[in-house]
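Please read the structure below before turning to the comments.
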Amino acid sequence: MKANRIIALFTFLMGLSLQAQGPELSADSIVTFLFKMIDKAPPAIPNNATSCNLAAKINQEEISLGFVMGMSPIGKMDYGLIASDMLFNHHSYQYIGSYDRGEFDSLHDKSLSAYAESNGFIAFVSNFAGKNMADLNPEEEKELRGHYDYMKRKLSNKASLWDPFFSGKIGSCSFDTKLFRTVKEFKFPNVTFEYSIEFTSKECPCIPEGDATEIKNAFFTISCTSVESVLTDRQGPLGDPINPRIDIISEECCSAKKEEENYSARNDANDDIVAFAFDYDWAGDGFSITVGGGPTIGDESDFFGFSYSGDLGYLHKVSDRFQIGATAGYTRYTGKETDFGFETEGESFIPIKAKASYGLSNAFGVEAGLGYAISASEGGDGGLIYSAGPFWRPLKAVLIALNYVNISFGEGSLGALMLSGRFSLSKK
Numbered sequence: 008m009k010a011n012r013i014i015a016l017f018t019f020l021m022g023l024s025l026q027a028q029g030p031e032l033s034a035d036s037i038v039t040f041l042f043k044m045i046d047k048a049p050p051a052i053p054n055n056a057t058s059c060n061l062a063a064k065i066n067q068e069e070i071s072l073g074f075v076m077g078m079s080p081i082g083k084m085d086y087g088l089i090a091s092d093m094l095f096n097h098h099s100y101q102y103i104g105s106y107d108r109g110e111f112d113s114l115h116d117k118s119l120s121a122y123a124e125s126n127g128f129i130a131f132v133s134n135f136a137g138k139n140m141a142d143l144n145p146e147e148e149k150e151l152r153g154h155y156d157y158m159k160r161k162l163s164n165k166a167s168l169w170d171p172f173f174s175g176k177i178g179s180c181s182f183d184t185k186l187f188r189t190v191k192e193f194k195f196p197n198v199t200f201e202y203s204i205e206f207t208s209k210e211c212p213c214i215p216e217g218d219a220t221e222i223k224n225a226f227f228t229i230s231c232t233s234v235e236s237v238l239t240d241r242q243g244p245l246g247d248p249i250n251p252r253i254d255i256i257s258e259e260c261c262s263a264k265k266e267e268e269n270y271s272a273r274n275d276a277n278d279d280i281v282a283f284a285f286d287y288d289w290a291g292d293g294f295s296i297t298v299g300g301g302p303t304i305g306d307e308s309d310f311f312g313f314s315y316s317g318d319l320g321y322l323h324k325v326s327d328r329f330q331i332g333a334t335a336g337y338t339r340y341t342g343k344e345t346d347f348g349f350e351t352e353g354e355s356f357i358p359i360k361a362k363a364s365y366g367l368s369n370a371f372g373v374e375a376g377l378g379y380a381i382s383a384s385e386g387g388d389g390g391l392i393y394s395a396g397p398f399w400r401p402l403k404a405v406l407i408a409l410n411y412v413n414i415s416f417g418e419g420s421l422g423a424l425m426l427s428g429r430f431s432l433s434k435k
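For the sequence shown, the working numbering begins at 8 and goes up steadily by one.
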């Protein structure tokens, strides 16, 4: 065991007392298993080059845990008595509790064994109650059906068997911690589980203020692909975790957030325009305006010079990185003096496009659009318009994009390389 382990256990027990047979089990068994996974897992790898060093704190087991059982007793919630949830903790059943347990230590064990050996409800009734379906009255069949369906939900492959909450703490940062235990295989009394424990930061006050080693926000998981145990009234310990791992999904240090706030404050004092931009964001749904320009390229560059455009757009957030929406605006391809001795007049269009944007990081991404450009020139032709290119977001509300834009009509097309700036109109 690593020397820096800090384990704090506090168990809250409310509700009904345990009425099933067999010894109650201590809550610290799950916590011990958690640290066993940390011990045996490869060291956690930082999500990014942050100074709060969450990975090192996990690897050194600087985690305090509180085990909150809610309305259920430890013995039932820890390893087993899963099937007894309706059998022993409720008194409304007048038939199931009267069955003969036979060679088993308890009716709990008999029901688990009957379920494991049955390929359906009819077989379960025969194995557990020792009766045929025709021998059951409606109320007895209803009790057995409810009991069977409950075990089916809890013990089927990939069923989430148990998900109580822990409370966790690393430094001054508190975590909501949830454990998922999935049944991979059950052959009474042996059971194979898959474990996954999620840690999500809840309250991180950054004490002392500005300490770069403290965590502001974090999300990580500790998991294993399988572990063997038994599921009876008389429990055995969890075995060794197979393929344990630690995954740090995201982390943010107190100093990083503080620096961002300081930067915004400096801009409030020194540059009202830039500070105003920090009141807007691309984080969700919203409108934006775009203006840009660039040279005409391709076969038509002999006849058209500079191109410029402006549009109003709306984007809808599909995920943290992906947005879809639409734009409508005005685009002008200016005329020029050609090498053939005449001057062209230029062409104007009203493009309407569907648009998609994908962020590769907080600062960079790619976007593309497809639609139709309506001619705004007398006697002109409209055509299919498409655009694509990368973008850079230097500020939260400002985006700079470099797009190739093409309008195809008749037997020709107009292409341009557009450098544009976009400003979000949506408040944070």
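The beta-carbon is built from N, C-alpha and C at its ideal position, and this holds for glycine as well.
Does DSSP classify Asp183 as helix, strand or coil? The residue given as residue 183 occupies position 176 in the sequence shown. In this structure, Asp183 counts as strand in the three-state DSSP scheme.
N- and C-terminal bounds of the beta strand (DSSP E) containing Ala225: Stepping through the sequence shown from its first residue, residue 225 is reached at position 218. Unbroken beta strand (DSSP E) run through Ala225: Ile222 to Val237.
If you follow the alpha helix (DSSP H) that Met425 is part of, which residue opens it and which one closes it? Here residue 425 refers to the residue found at position 418 of the sequence shown. Run containing Met425: none in the alpha helix (DSSP H); it sits in the beta strand (DSSP E), Gly419 to Ser431.
Compute the Euclidean distance between the alpha carbons of Pro50 and Thr184, then round it to the nearest angstrom. Start at 1 with the first residue of the sequence shown, and residue 50 comes out as number 43. Start at 1 with the first residue of the sequence shown, and residue 184 comes out as number 177. Pro50 and Thr184: Cα-Cα distance of roughly 20 Å.
Check Ile214 in the structure and name its three-state DSSP category. Numbered from 1 along the sequence shown, position 207 holds the residue referred to as residue 214. Here Ile214 sits in coil by DSSP.
Tell me, to the nearest whole angstrom, how far the beta carbon of Phe371 is from that of Tyr340; I am working on the premise that it is less than 8 Å. Looking up residue 371 in the sequence shown gives position 364. Looking up residue 340 in the sequence shown gives position 333. Wrong, their Cβ atoms sit about 29 Å apart, outside the cutoff.
In three-state DSSP terms, what is Asp254? Against the sequence shown, residue 254 aligns to sequence position 247. Note: Asp254 maps to strand in three-state DSSP.
Among Lys362, Ser230 and Asn369, the one whose alpha carbon lies nearest that of Val405: For this step, residue 405 is matched to residue 398 along the sequence shown. Ranking the options by Cα distance to Val405, first place goes to Asn369.
DSSP beta-bridge partners of Glu354: Against the sequence shown, residue 354 aligns to sequence position 347. For Glu354, which the question treats as bridged, DSSP gives the partners Tyr340.
So, for Gly387: in the same chain, excluding its five sequence neighbours on each side, which residues have a beta-carbon less than 7 Å away from its beta-carbon? Position 380 of the sequence shown, counted from the start, is the residue given in the question as residue 387. The residues are Glu354.
Tell me whether Asn54 sits in a helix, a strand or coil according to DSSP, three-state version. Taking the sequence shown and counting its residues from 1, the one referred to as residue 54 is at position 47. Three-state DSSP puts Asn54 in coil, outside helix and strand.
Mind checking which residues open and close the alpha helix (DSSP H) that includes Phe135? The sequence position of residue 135 within the sequence shown is 128, counting from 1. It spans Phe128 to Ala136 - the alpha helix (DSSP H) in which Phe135 sits, taken as one unbroken run.
In chain order, what residues of the same chain lie with their CB nearer than 6 Å to the CB of Ser415, ignoring the 5 residues before and after it? Within the sequence shown, numbered from 1, the residue matching residue 415 stands at position 408. So the qualifying residues of the chain are Gly390 and Leu391.
Whole angstroms are fine: how far does the CA of Lys159 sit from the CA of Ser295? Position 288 of the sequence shown holds residue 295. Position 152 of the sequence shown holds residue 159. In a straight line, the C-alpha of Ser295 is about 52 Å away from that of Lys159.
Whose C-alpha, out of Phe193, Ala219, Lys149 and Glu205, is nearest the C-alpha of Lys176? Taking the first residue of the sequence shown as position 1, residue 176 is located at position 169. Nearest C-alpha to Lys176: Glu205.
Note down, in chain order, each residue of its chain lying with its Cβ closer than 8 Å to the Cβ of Ser420, except the 5 sequence neighbours on either side. As a working note, residue 420 is residue 413 in the sequence shown. Correct list, in chain order: Gly305, Asp306, Glu307, Gly390, Asn413 and Ile414.
For Pro347, count the other beta carbons within 10 Å of its own beta carbon; 16 or more makes it buried, fewer makes it exposed. Which is it? Counted from its first residue, the sequence shown places residue 347 at position 340. Going by the sequence as given, residue 347 is Phe instead of Pro. Per the 10 Å Cβ criterion, exposed.
Through-space distance from Ile381 to Glu352, alpha-carbon basis: As a working mapping, residue 352 is identified with position 345 in the sequence shown. As a working mapping, residue 381 is identified with position 374 in the sequence shown. Cα to Cα, Glu352 sits roughly 17 Å from Ile381.
Pairwise C-alpha distance: Ser203 and Lys149: The count along the sequence shown starts at 1 and reaches residue 149 at position 142. The count along the sequence shown starts at 1 and reaches residue 203 at position 196. Each residue's alpha carbon lies about 35 Å from the other.
Gly317 and Thr345 closer than 9 Å at C-beta: The count along the sequence shown starts at 1 and reaches residue 317 at position 310. The count along the sequence shown starts at 1 and reaches residue 345 at position 338. No.
Express the C-alpha separation of Ala363 and Ser125 in angstroms, rounding to a whole number. Taking the first residue of the sequence shown as 1, we reach residue 125 at position 118. Taking the first residue of the sequence shown as 1, we reach residue 363 at position 356. C-alpha separation (whole angstroms): 52 Å.
Pick from Met425, Tyr157, Leu143 and Ile214: whose alpha carbon is nearest that of Pro397? The sequence position of residue 397 within the sequence shown is 390, counting from 1. Answer by Cα proximity: Met425.
DSSP state of Cys59 mapped onto helix, strand, coil: Translated into positions along the sequence shown, residue 59 becomes position 52. The answer is coil: DSSP assigns Cys59 none of H, G, I, E or B.
Have a look at the DSSP bridge pairing and note the partners of Leu1. Since the displayed the chain opens at 8 and closes at 435, residue 1 lies outside it and no answer follows.
To the nearest angstrom, report how far apart Glu439 and Gly299 are at their CA atoms. Residue 439 is absent from the model: the chain starts at 8 and stops at 435.
Is Asp318 helix, strand or coil when you go by DSSP? By 1-based counting over the sequence shown, the position of residue 318 is 311. Residue state, collapsed to three classes: strand.
Straight-line Cα distance separating Ile103 from Lys194: The sequence position of residue 194 within the sequence shown is 187, counting from 1. The sequence position of residue 103 within the sequence shown is 96, counting from 1. Rounded to whole angstroms, Lys194 to Ile103 spans 22 Å at the Cα level.
Supposed close pair Phe135, Arg152 - CB separation, criterion 8 Å: The residue you call residue 135 lines up with position 128 of the sequence shown. The residue you call residue 152 lines up with position 145 of the sequence shown. So it is not a contact: roughly 12 Å between Cβ atoms.
Selected residue, minimal CA-CA separation from Thr189, among Asp309, Thr232 and Gly417: What you label residue 189 is simply residue 182 of the sequence shown in a count that begins at 1. The option with the nearest alpha carbon to Thr189 is Thr232.
So Lys360 and Gly342 are in contact, right, with Cβ under 8 Å, and what is the actual spacing, rounded? Here residue 360 refers to the residue found at position 353 of the sequence shown. Here residue 342 refers to the residue found at position 335 of the sequence shown. Actually they are not in contact, since the Cβ atoms of Lys360 and Gly342 sit about 24 Å apart, beyond 8 Å.
Our contact map puts Leu162 next to Tyr106 with C-beta atoms below 8 Å; I'd like the distance itself, whole angstroms only. As a first step, residue 162 is located in the sequence shown; it is residue number 155 there, counting from the start. As a first step, residue 106 is located in the sequence shown; it is residue number 99 there, counting from the start. In fact, because the Cβ distance is near 19 Å, the residues do not count as touching under 8 Å.
CA-to-CA distance, Ser257 to Gly178, given in whole angstroms: The count along the sequence shown starts at 1 and reaches residue 178 at position 171. The count along the sequence shown starts at 1 and reaches residue 257 at position 250. In a straight line, the C-alpha of Gly178 is about 17 Å away from that of Ser257.
Between Arg108 and the rest of its own chain, which residues show a CB-CB distance below 7 Å, the 5 nearest in sequence each way excluded? Position 101 of the sequence shown, counted from the start, is the residue given in the question as residue 108. Cβ neighbours of Arg108 beyond the five flanking positions: Leu114 and Lys117.
Thinking C-beta only, is Ile214 closer than 9 Å to Glu221? For the purposes of this step, residue 221 is taken as the residue at position 214 of the sequence shown. For the purposes of this step, residue 214 is taken as the residue at position 207 of the sequence shown. Their beta carbons are under 9 Å apart, which means Glu221 touches Ile214 by this criterion.
Backbone secondary structure at Ala383 - three-state DSSP: The residue given as residue 383 occupies position 376 in the sequence shown. Reduced to three states, the DSSP call for Ala383 is coil.
Would Phe329 pass as a contact of Gly366 if the rule is Cβ separation under 9 Å? As a working mapping, residue 329 is identified with position 322 in the sequence shown. As a working mapping, residue 366 is identified with position 359 in the sequence shown. In contact: Phe329 and Gly366 (Cβ atoms closer than 9 Å).
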